[in-house]
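What follows is a set of notes on a single structure, which appears directly below.
Residue numbers (our numbering), protein chains in the order written: chain Z, 1064 to 1475; chain V, 23 to 104.
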């Protein structure tokens, strides 16, 4: 393989489990749930049928200086704080701006800015609509602002593929680095869409759990009584670079980013293919790029959103690839703890996968009541040991629109 | 309610600090928005929208370009309050 090897040298996150990546990981290992009853007056005012969600613990506007935060929709604020953490974690490298790129993702972008501006227009007229409205609501705002802040001039690309978004961005970053378009890439995704509109919309299509009386346990992927996903928010960021560039500057290396697969189902606009064809193709593509076989995979971070239909479809897809061994590979369904960060979920789960490799453990999957026989993944409420030696892991993300994205990491 | 010159200056300084981070004591009457305070056009537009709300005044778009200094803005606002 002549392609340069790609490594992860910095990690940052802001999530329902913590305001940083280590805090989020620590919350995950401690078995905490990020899902809570919402305290906003809009829940009652608009009679939203679902009264809970997994909000990020640390509001990014408490970290960013006011003039900076004011120019950013909350989704971009999350992206910025996570990126700042990741960049510092990577040692704030000195990179030629034309060799530094951004590959970022979001599901919907600045939805809060858009809807607040609509309210302003209706209540106060057009002269009160703030001039920064468009630059804040546009889906490329996170990528554009990260490029601006970190002086990244190689490229600043945005992916929007719903829940597959930020895994797809990471895969793109790997490819861009392998193609020599940059030496370092800031990659990841963000979402901050816990808004009456999105809650009502997802609720209308019966995608959300309605377990209002017990929000902490509502996200229960693989359990027989799962009833939908829990809305989450936040961002995850990886600093990816060529191994050569990383070693030349003495950077610490978390893991190798060894492959990615992105495919499309062309099956249904929201449901994933029950035969898992597209998803299994994405897994195989990632493994092929990683120069690995299914037998080499030691850990899977499943997409597993806790929807009745989605979880078994993922199982079928993975069984296509792994055969009977699919029931033996330690799997983590971390949305049980974090809820579903939509455009940010792939990045957060990539981070959990990388930490899993580093610590050689599959993090717990909380809220398992009774495992569904149709989803017999090897999940556990306790951490599972991954054993010794060189470890390979994959993280899956599937999105409305039939998007499948899988990324593979190898221990460093 | 009519604001005095000093109140308008203080209120405007608050809006400028909020938007740009520039400290209030730097916002002096003779300072030019672009040359001295380095305020970009979109920040200027935002400050205008917020000033209209804060001081219950309308600052037409064609008038904004004539407001070169903080003093120009204070004079305009004070003279045109409802």
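Glycine residues also receive a C-beta, built at the ideal position from the N, C-alpha and C atoms.
Which residues does DSSP pair with residue i in a beta bridge?
i	result
residue 1319 (chain Z)	Z:1070 and Z:1473
residue 1166 (chain Z)	Z:1220 and Z:1250
residue 1394 (chain Z)	Z:1363
residue 1327 (chain Z)	Z:1466
residue 1424 (chain Z)	Z:1448
residue 1441 (chain Z)	Z:1393
residue 1455 (chain Z)	Z:1360 and Z:1473
residue 1292 (chain Z)	Z:1271
residue 1476 (chain Z)	Since the displayed chain Z opens at 1064 and closes at 1475, residue 1476 (chain Z) lies outside it and no answer follows.
residue 1297 (chain Z)	Z:1254
residue 1461 (chain Z)	Z:1467
residue 1266 (chain Z)	According to DSSP, which records beta bridges pairwise, residue 1266 (chain Z) is partnered with nothing at all.
residue 54 (chain V)	V:91
From the DSSP output, in three-state form, read off residue i for me.
i	result
residue 1302 (chain Z)	strand
residue 1414 (chain Z)	helix
residue 1090 (chain Z)	helix
residue 1400 (chain Z)	helix
residue 1407 (chain Z)	helix
residue 1271 (chain Z)	strand
residue 1078 (chain Z)	strand
residue 103 (chain V)	coil
residue 65 (chain V)	helix
residue 46 (chain V)	helix
residue 91 (chain V)	strand
residue 77 (chain V)	helix
residue 25 (chain V)	coil
residue 1369 (chain Z)	coil
residue 1313 (chain Z)	coil
residue 1386 (chain Z)	helix
residue 38 (chain V)	helix
residue 1350 (chain Z)	helix
residue 1337 (chain Z)	coil
residue 1429 (chain Z)	coil
residue 1083 (chain Z)	coil
residue 1332 (chain Z)	coil
residue 82 (chain V)	coil
residue 1374 (chain Z)	helix
Give the residues of chain Z in contact with residue i, contact being defined as C-beta atoms less than 7 Å apart.
i	result
residue 56 (chain V)	Ordered by position in chain Z, no residue passes the 7 Å Cβ test against residue 56 (chain V), which lies about 16 Å from the chain.
Could you name the residues of chain Z that residue i contacts, counting a contact when the two beta carbons are closer than 9 Å?
i	result
residue 43 (chain V)	1128, 1129, 1130 and 1131
Can you tell me whether residue i is buried or exposed, with buried defined as 16 or more other CB within 10 angstroms of its CB?
i	result
residue 1220 (chain Z)	buried
residue 1456 (chain Z)	buried
residue 1286 (chain Z)	buried
residue 1341 (chain Z)	buried
residue 1044 (chain Z)	The structure shown does not extend to residue 1044 (chain Z), since chain Z spans only 1064 to 1475, so no value can be given for it.
residue 1433 (chain Z)	exposed
residue 1393 (chain Z)	buried
residue 1437 (chain Z)	exposed
residue 52 (chain V)	exposed
residue 1274 (chain Z)	buried
residue 1174 (chain Z)	buried
residue 1339 (chain Z)	buried
residue 1364 (chain Z)	buried
residue 1211 (chain Z)	exposed
residue 1137 (chain Z)	buried
residue 1448 (chain Z)	exposed
residue 1490 (chain Z)	Look at the range of chain Z in this structure, 1064 to 1475, and you will see that residue 1490 (chain Z) is not part of it.
residue 1120 (chain Z)	buried
residue 66 (chain V)	buried
residue 1283 (chain Z)	buried
residue 1372 (chain Z)	exposed
residue 1064 (chain Z)	Only weak support exists for where residue 1064 (chain Z) lies, its pLDDT of 46 falling under 50; the value from the coordinates is given anyway. Looking at its Cβ environment, which holds fewer than 16 other Cβ atoms inside 10 Å, residue 1064 (chain Z) is exposed.
residue 1337 (chain Z)	exposed
Whose Cβ in chain V lies nearer than 8 Å to the Cβ of residue i?
i	result
residue 1439 (chain Z)	Residues of chain V passing the Cβ test: none, with the nearest at roughly 55 Å.
residue 1143 (chain Z)	Within chain V, no residue comes near residue 1143 (chain Z); the closest Cβ sits about 15 Å away, beyond 8 Å.
Give the residues of chain V in contact with residue i, contact being defined as C-beta atoms less than 7 Å apart.
i	result
residue 1194 (chain Z)	64, 67, 68 and 71
residue 1191 (chain Z)	71 and 75
Can you pull the chain Z neighbours of residue i, defined as C-beta to C-beta under 8 Å?
i	result
residue 40 (chain V)	1129, 1130 and 1133
* Asked: Counting only runs that start and end within the segment 1177-1248 of chain Z, where is the alpha helix (DSSP H) found for 4 or more residues in a row?
  -> If we require 4 residues or more, the alpha helix (DSSP H) runs fully inside the segment 1177-1248 of chain Z come out as 1196-1200, 1204-1213 and 1228-1241.
* To do: Give, in chain order, every unbroken run of the alpha helix (DSSP H) that is at least 4 residues long and sits entirely within the segment 1095-1176 of chain Z.
  => Correct list: 1104-1108, 1129-1132 and 1137-1152.
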